[in-house]
Each structure stands twice: as C-alpha cells, then as structure tokens.
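Here the protein sequences come in this chain order: A and B. Using the numbering used here, the first residue of the first sequence is number 11, and each one after it goes up by one. Using the numbering used here, the first residue of the second sequence is number 11, and each one after it goes up by one. Worksheet: the structure to be examined is printed underneath.
Protein chains: 2
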Amino acid sequence: RRSHMTVSYTDPQVSMDLLRAVLQPSFNDDIMAVFRKYQKFFEKAAENVKENVGDEVQTDQLIKETCRNVLEHAKQLFPDVEGKKVGPEVAIKRSRPVDDDCS
Amino acid sequence: RRSHMTVSYTDPQVSMDLLRAVLQPSFNDDIMAVFRKYQKFFEKAAENVKENVGDEVQTDQLIKETCRNVLEHAKQLFPDVEGKKVGPEVAIKRSRPVDDDCS
Chain A
11 RRSHMTVSYT DPQVSMDLLR AVLQPSFNDD IMAVFRKYQK FFEKAAENVK
61 ENVGDEVQTD QLIKETCRNV LEHAKQLFPD VEGKKVGPEV AIKRSRPVDD
111 DCS
Chain B
11 RRSHMTVSYT DPQVSMDLLR AVLQPSFNDD IMAVFRKYQK FFEKAAENVK
61 ENVGDEVQTD QLIKETCRNV LEHAKQLFPD VEGKKVGPEV AIKRSRPVDD
111 DCS
C-alpha cells in the first residue's frame with residue numbers, strides 16, 4: 011500500500027503516518043505485552059473449541075484471528091465521527107446476548 | 011457482516027468471539043493506557059501539521075485516524091498465514107504482503 015502512496019508532505023495524514031510508522035514498533039511491543047496478559051484465556055478457549063469441534067481446528071490460527079478482531083474492535087476507542095460516537099460498527103454489532111458461556 | 015453470520019455454537023470463530031467480546035472492555039482499557047503513553051507525540055505532530063497546512067486541519071480527527079492506523083498495523087503481529095494452513099478464511103485474506111512497513 012505504502013509504495014503506491016503519493017508522497018505529499020502537506021497531506022496531513024501522510025505526515026501523521028510517518029510518525030505512526032516510527033512509533034509502530036514500540037506500539038507493537040506494548041500491544042504484545044497487553045495480549046500476553048490474555049493469552050492464557052485464548053489458549054484455553056481454543057483448546058475447548060478443538061475438543062468440541064475436532065482436531066482439524068487450528069488453535070493458533072483461531073487465536074490469531076481473535077487477536078486481530080480485538081484490535082479491530084479497539085478502533086471504536088477512536089471513532090471517526092464526533093457526535094456519532096461509535097461509527098458504523100454499531101450496526102454490525104451482534105444482537106445476541108453476550109452470555110458468559112465461555113467461562 | 012456479522013449480522014449475516016449463521017449463529018452456530020460449533021463455529022470455532024463464534025466461540026472465540028464470545029470470549030473476545032467478554033474481554034474487549036478490559037483490552038480496551040489496556041490499549042488506551044498504551045496510547046496515552048504516545049498521546050503527546052501525536053498531539054505535537056498534529057499541531058505541527060495544523061501550523062503547516064492550515065487551521066482547517068482537525069487535529070483530534072487526525073489523531074484518531076492515526077490511532078486507528080496503529081491498531082490496523084498492529085494486526086501484523088498476528089499474521090493470517092502460516093504456510094497457508096488456514097481453512098476457508100484464506101479466500102478472503104488480504105492479498106497484499108504482510109511486510110513490516112511499519113518498522
């Protein structure tokens with residue numbers, strides 16, 4: 011993506027993205043540290059799924075996808091529009107109750 | 011997307027997503043704490059951009075977009091493919107290479 015980007019140093023988002031790129035490795039370390047806190051929950055859940063569904067379940071891929079979903083949902087911390095606090099994401103929020111059947 | 015999802019409690023990703031939803035608020039707190047560490051850099055950069063580009067720049071929106079980009083790039087911590095042993099998900103995988111353009 012970046013290689014196709016027209017480099018304009020007056021494009022506000024380009025300037026910000028330069029800073030982002032510089033900080034990203036440090037961010038990644040910090041974010042990874044956060045995920046390590048929750049790693050055991052994900053591992054346990056993935057093992058449960060594998061027991062229930064079958065050995066074809068690839069627990070590592072399942073965990074990675076879940077981690078990516080966490081990051082995707084965390085974007086709601088920084089909603090695009092002010093006023094419409096959370097963005098379009100609200101519409102695709104699940105309607106079924108989040109009961110704790112995974113505990 | 012999710013609203014069209016057939017709710018199947020044997021769908022591995024659905025089970026994992028229940029756990030994700032339970033943990034998300036706690037994740038969000040931790041991720042927010044990480045971002046607070048870098049907030050001053052983003053604010054300074056956004057102020058610079060505003061000075062250089064003009065007053066129509068909305069620094070808060072600029073910062074939020076940058077934060078969302080940080081999260082998007084952090085997904086590369088959890089890459090989709092490992093020798094391509096993933097199932098149907100492969101088809102909708104992004105095609106651009108997961109290179110660390112953030113380093």
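The beta carbon of each residue, even a glycine, is placed where N, CA and C say it ideally should be.
Closer than 6 Å: residue i CB and nearest the ligand ADP heavy atom
i	result
Ser25/A	Among the components of this structure there are no ligands whatsoever, and the ligand ADP is therefore not found.
Beta carbon proximity, residue i to chain B, threshold 7 Å
i	result
Arg30/A	yes
Asp39/A	no
Val100/A	Summary for Val100/A: the model assigns pLDDT 41, below 50, so the residue's position carries little reliability; its value from the coordinates is reported in the next sentence. No, Val100/A does not count as interfacial toward chain B.
Interface flag, residue i vs chain A, CB-CB below 7 Å
i	result
Pro35/B	no
Arg78/B	yes
Val24/B	no
Lys50/B	no
Nonlocal neighbours in the same chain, by C-beta distance under 6 Å from residue i, ignoring five residues either side
i	result
Ala56/A	Thr69, Leu72 and Ile73
Val67/A	Val59 and Lys60
Val108/A	A caution first: Val108/A carries a pLDDT of 46, below 50, which makes its placement in the model unreliable, though a value can still be read off. Cβ neighbours of Val108/A beyond the five flanking positions: none.
Sequence-distant residues of the same chain with beta carbon closer than 8 Å to residue i, five excluded per side
i	result
Ile41/A	Leu81
Neighbourhood of residue i by C-beta, 7 Å cutoff - its chain only, sequence neighbours within 5 removed
i	result
Asp39/B	none
Q) Counting Cβ pairs, one atom from each stretch, are 3 or more of them under 8 Å apart for the region 81-89 of chain A and the region 75-85 of chain B? A) yes
Q.
With a threshold of 8 Å, are at least 3 pairs of Cβ atoms found where one atom belongs to the region 38-55 of chain A and the other to the region 56-65 of chain B?
A. no
Q.
If the cut-off is 8 Å on Cβ atoms, which residues from the region 62-76 of chain B count as contacting chain A, listed in chain order?
A. Asn62, Val63, Val67, Asp70, Gln71, Leu72, Ile73, Lys74, Glu75 and Thr76
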